[in-house]
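Input: a single structure, listed below in structure tokens.
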Amino acid sequence: MKLNHNKNSFKPKTEKTFIFEKTMKNHFWILIFVLVFNSGFGQELIPIDSIRLEADGEITDFGTDDFNNIYFIRNSTELNKIECQTKKRKSFSNRNILEELNTQNILQLSLKSGFFNLLILDNQLNPVQDPIPLNSSTDFSPTLTAPVDNNFLWGYDPVVQRLLLWNYREKKIVRQSMILNDRDAAEFFTKLIYYSNKIYLAGNGKILKFDEFANLEKVIPIDEYDQLYVIENYIFYSKEGEIYRLDQKTNLSEKIAETDGFDFFSLNKSYLFVLKDKVVYLYDSQNFF
288 MKLNHNKNSF KPKTEKTFIF EKTMKNHFWI LIFVLVFNSG FGQELIPIDS IRLEADGEIT
348 DFGTDDFNNI YFIRNSTELN KIECQTKKRK SFSNRNILEE LNTQNILQLS LKSGFFNLLI
408 LDNQLNPVQD PIPLNSSTDF SPTLTAPVDN NFLWGYDPVV QRLLLWNYRE KKIVRQSMIL
468 NDRDAAEFFT KLIYYSNKIY LAGNGKILKF DEFANLEKVI PIDEYDQLYV IENYIFYSKE
528 GEIYRLDQKT NLSEKIAETD GFDFFSLNKS YLFVLKDKVV YLYDSQNFF
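Read left to right, the sequence shown gives residues 288 to 576 (the numbering used here).
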């Protein structure tokens with residue numbers, strides 16, 4: 288989901304395509320067009336680099352991986368990757384709608400295609416598996432998915448209201464949770480994340496945290512959110528142009544970034560990436576952990 292933003296801000300005067308700019312001129316405008324961070328760490332952070340994404344049309348989804356590679360979907364039809372080291376661009380398209388990009392799995396990335404198929408690609412954008420159908424004609428028809436490895440993925444199926452572990456090569460369910468509905472009404476979930484042998488199912492003002500056997504470990508309260516990431520013991524999420532860090536141990540949230548609007552954000556243990564008006568701004572994220 289995109290956040291509202293001001294089109295006139297954050298627009299640098301000069302940039303090199305897909306290249307981390309290291310000149311004094313670049314540092315000058317970065318200081319001018321700075322995201323202001325109200326941080327509990329007692330300091331304001333400024334961009335340490337930027338990359339312009341030369342893409343016609345609209346960027347409809349965005350993500351990064353642990354190797355600092357950048358991924359984005361253009362016009363809901365073309366997946367692109369900008370390699371961190373070489374700055375080379377790769378692209379993938381199958382002439383269908385592409386959405387729900389997931390880059391948090393270090394082994395592979397996933398996205399939905401044509402609404403009812405899940406694509407699993409390696410980090411060179413090569414398919415590693417035939418498209419996985421996600422519809423009522425199979426035993427596995429989830430609305431939310433999160434790949435585990437080259438054989439399994441987790442999914443949430445609102446029909447059976449369970450978290451399911453699916454062997455997508457053998458096409459069978461191998462594990463499932465208890466029924467996940469309240470007594471008064473069915474739950475509504477919007478995000479599923481698999482991270483470090485834990486599964487996070489988010490929605491309705493809370494996140495359900497499961498172990499690898501689909502046992503519920505904890506219920507974590509959370510505000511409404513636009514984007515959501517899990518890294519180590521923290522949950523990072525955006526809301527109304529601000530970025531928050533939620534500590535899983537204490538359930539306390541802390542604002543780490545306040546901006547005048549952006550399109551998407553992503554992060555890993557090295558950098559916070561903020562996309563605005565087709566420019567990706569990089570910030571040091573090591574103090575967040």
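Think of the CB as a built atom: it goes at the ideal place given N, C-alpha and C, for glycine as much as any other residue.
None of these values were measured; they are calculated from a predicted model.
Pick helix, strand or coil for N381, following the three-state DSSP scheme. In the structure shown, N381 sits in coil (DSSP, three-state: anything other than H, G, I, E or B).
Cβ-Cβ separation, F549 to L562 (assumed contact under 8 Å), whole Å: With a Cβ gap of about 6 Å, L562 and F549 count as contacting.
From T430 to I335, what does the alpha carbon distance come to, in whole angstroms? Distance between the alpha carbons of T430 and I335: 38 Å.
Proximity winner among N410, D547 and Y521, relative to I393 (alpha-carbon distances): It is N410.
Name the DSSP beta bridge partners of I480, please? As DSSP reads the structure, I480 sits in a beta bridge with Y487.
Based on DSSP bridge pairs, tell me the residues matched to V517. BP columns for V517 point to I522.
Note down the Cα distance separating L322 from L421, rounded to an integer number of angstroms. With a pLDDT of 44 at L322, under the threshold of 50, the modelled position of this residue cannot be trusted; read the value that follows with caution. Distance between the alpha carbons of L322 and L421 is about 40 Å.
F576 by DSSP, collapsed to three states: which one? In this structure, F576 counts as coil in the three-state DSSP scheme.
Going by the CB atoms, is the gap between I522 and I509 shorter than 9 Å? Yes.
Output yes or no for whether 9 Å exceeds the beta carbon distance between L503 and I494. Not a contact, by the Cβ cut-off of 9 Å.
Mapping DSSP to helix, strand and coil, what is S337? Note: S337 maps to strand in three-state DSSP.
Buried or exposed for Q391, please, with buried defined as at least 16 other CB atoms from any protein chain shown within 10 angstroms of its CB. With 16 or more other Cβ atoms from the protein chains shown falling within 10 Å of its own Cβ, Q391 counts as buried.
Short Cβ contact (9 Å threshold) for Q448 with I466: Taking C-beta atoms as the reference points, Q448 and I466 count as a pair closer than 9 Å.
Can you pull the DSSP bridge partners for T390? Partner(s): none; T390 has no beta bridge.
Runs of 3 residues minimum, wholly inside the region 388-453: which ones carry the beta strand (DSSP E) assignment? Whole beta strand (DSSP E) segments, 3+ residues: 396-400, 404-408, 431-434 and 439-444.
Pull up the distance between the alpha-carbon of K375 and that of R361, whole angstroms please. Whole-angstrom Cα-Cα distance: 17 Å.
With DSSP run on the structure shown, which of helix, strand or coil describes Q463? Of the three classes helix, strand and coil, the one that applies to Q463 here is strand, per DSSP.
Can you tell me the Cα-Cα spacing of F354 and K556, whole angstroms? Per the coordinates, the alpha-carbon of F354 lies some 10 Å from the alpha-carbon of K556.
Is it right to say V566 is buried, meaning 16 or more other beta carbons lie within 10 angstroms of its own, or is it exposed? Burial call: buried.
Compute the Euclidean distance between the alpha carbons of Y512 and I384, then round it to the nearest angstrom. Spanning the two alpha carbons is a distance of roughly 24 Å.
Tell me whether S483 is buried or exposed, calling it buried when 16 or more other Cβ atoms sit within 10 Å of its Cβ. It is exposed - the Cβ of S483 has fewer than 16 other Cβ atoms within 10 Å.
CA-to-CA distance, Q514 to I346, given in whole angstroms: In this model, I346 and Q514 are separated by some 15 Å (Cα to Cα).
What number of angstroms, rounded off, separates the C-alpha of L559 from the C-alpha of F497? Spanning the two alpha carbons is a distance of roughly 26 Å.
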